[in-house]
Each structure stands twice: as structure tokens, then as C-alpha cells.
Amino acid sequence: MLRFDIISIFPGAFTAVLDESIMKRAQAKKKVSFHVHDLRSFSKDPHRKVDDRPFGGGPGMVMTPQPLVDAVRKVKGRRKAKVIYMCPGGTPLTQAKAKELAREKNIILVCGHYEGIDERVRALVVDESLSIGDYVLTGGELPAMVVVDALTRLVPGVLGKEASLEDESFERGLLEYPQYTRPADFCGNKVPPVLLSGNHQAVKEWRTAQAQARTKRFRPDLMER
Ligand code: 9WO
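For the sequence shown, the working numbering gives the first residue as 424, with consecutive numbering after it.
What follows is the structure, given as C-alpha cells:
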């Protein structure tokens, strides 16, 4: 079973995501477990402060090292866990990276806020930083949810086997092919006849051609890769 521990100053932000859909199903199947921790509960400050002014001046506040380091160490305990800090400058999350991480047994996700975390937290307890894209958000919580979603669906037994075919096409560098379902004629917009032909080889060839055309048009960079 893959265990996620998430350290955040907004633990409530995760309730909806973790109690719905695939994450809920994965927990029910005991394939994945989620444990969200309020960073403030680890602060030794009498006012449960987790931030302070940056040395050297500058705008905003920085997350202090004591709560974060103690939180990771307490949550980790004696377990072997991969500690990941969510950061725009981190390793890009790709499907291949997600598959690699989904093989871990314990993952601790650290969500930053303010202007970031004290550098000594990275040096002492973070194993790697992970980015979901080249943009700056208000916190690491949404990126952490993306990582949880991307990894949970890859855990064997969480989804049906058909889902992996879709992932593999993406890893092969192709976008998804167009999908259609009933009705065959929607307001005069008809489903491509090949999909109604019952000719599985023709359907497979059509889908590959469509995926290649889509990838060439919208994500030529994937074709190169
Ligand atoms: C902000 C930032 C900006 C440029 C280059 C590196 C950077 N690191 C951070 C950072 O650690 N920010 C903290 C976490 C505090 C502000 C909110 N945080 C955050 C994480 N915003 N956006 C992310 C994020 C994480 C993963 N993928 C994309 C964005």
C-alpha cells in the first residue's frame, strides 16, 4: 500500500479531494492511505507561528525551519519515506516520473506558503522538489493534490486495466485519440463511421492516426521526445 503524508498549513484544503472519486475508492480498496498534518501543530512557538521575516530583508515572510523539520521527522518516524517539496523550480512531474514515484511505499509531501521555506529544511529533510508547471501559485497544496491524483491512479488495482493503455500512449509521446459515445447522431453531429463498423483493426488504425494528428497539431514537442 502506498502511504501519503501531507504537511500543510491548510489541511482542510485536502478533504474534498481525498474523500471523493478515485482517492476515496483507492482508500476503500486499501491500496492507498492519506494522512494530512497541520504544520502549526508542530510549531514550538507559543502562538503556533510557522513563518518569520527573511534575513537579509526583502518582502513577505519565510517558513521557519523548526516546525517543518520536526513535522517531517515526526511523521516519518522510522519509516523509509521519500520527502518531496512542491516547488515551481522542482523536477517536472511527467507521466514517467509519476510511474516511478507510484512505486514508493511512503511519500511525504511538504506544501510551502508565503515566500517559501527556510533553505535548511531542504538540506535537512527534503529528498527532492517537484514541479507541476512553470508558474507560481499561492501554495503547494494544489500541486500536492495533483501529485496524489497522478500517482494514486497508477497504483495497481485502483483503476481498471484499460486506464493503463491511455497512460502508455501518453508515455509513448502521443495525446489521446477522440472519444465518442451514444448517441451516434447528436444534433446532426455524427460519430465517425469507422467506430460503428465493428472492424477492430480499422478502429485501432484510425485511433492511432487521430492521436498522431492531434499530437502533431497541439504538442509537436511530444513527437520529438
Ligand atoms: C516559488 C518560486 C518561484 C520561482 C522559482 C522558485 C520558487 N519556489 C517557490 C516556492 O517555494 N514557493 C512556495 C510554495 C511559497 C509560495 C507558494 N508555493 C508555491 C509552490 N507556489 N507554486 C508552487 C508550485 C509547486 C509545484 N509546481 C508549481 C508551482
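We put the beta carbon where it would ideally sit given N, CA and C, even for glycine.
query, result
"Considering just the uninterrupted stretch of the alpha helix (DSSP H) at T631, what are its terminal residues?", "H623 to F641"
"Rounding to the nearest angstrom, what Cα-Cα distance links K497 and Q489 in this structure?", "12 Å"
"Which class does M424 belong to by DSSP, given the choice of helix, strand or coil?", "coil"
"Could you give the residue range of the beta strand (DSSP E) that holds E551?", "E551 to S554"
"Once you ignore the five residues that flank G535 on each side, which residues in its own chain have a CB closer than 8 Å to its CB?", "M486, Y508, M509, C510, G562 and G563"
"Can you determine whether any heavy atom of the ligand 9WO sits closer than 7 Å to the C-beta of S554, and answer yes or no?", "yes"
"Between D461, I540 and F437, which lies nearest to D475 when the distance is taken from Cα to Cα?", "I540"
"Just the C-alpha distance for Q624 and Q518, rounded to the nearest angstrom, thanks.", "27 Å"
"What are the partner residues of Y508, as DSSP defines its beta bridges?", "V533 and S552"
"In terms of alpha-carbon separation, which member of T438, V440, Q602 and I445 lies closest to L577?", "I445"
"Under 8 Å between the Cβ atoms of M646 and G580?", "no"
"Decide if the segment 564-573 is in contact with the segment 465-472; the criterion is three or more beta carbon pairs, one per stretch, under 8 Å apart.", "no"
"Counting along the chain, where does the alpha helix (DSSP H) carrying V578 start and finish?", "Looking at the DSSP string, V578 is not in any alpha helix (DSSP H), and its letter there is neither H nor E."
"Got a sec? Which residues, its chain only, sit under 8 Å from D461 by beta carbon, not counting five neighbours each side?", "S431, I432 and P434"
"Quick check: the Cα distance between L582 and S464, rounded to an integer number of angstroms?", "35 Å"
"What three-state label does DSSP hand F593 in the structure shown?", "helix"
"So, is Y600 buried or exposed, given that buried needs 16 or more other C-beta atoms within 10 angstroms?", "buried"
"By Cβ distance below 6 Å, which residues in the same chain neighbour D428 in space, the five residues on each side in sequence not counted?", "H458, V498 and I531"
"Assign V559 to buried or exposed, taking buried as 16 or more other Cβ atoms, counted over all protein chains shown, within 10 Å of its Cβ.", "exposed"
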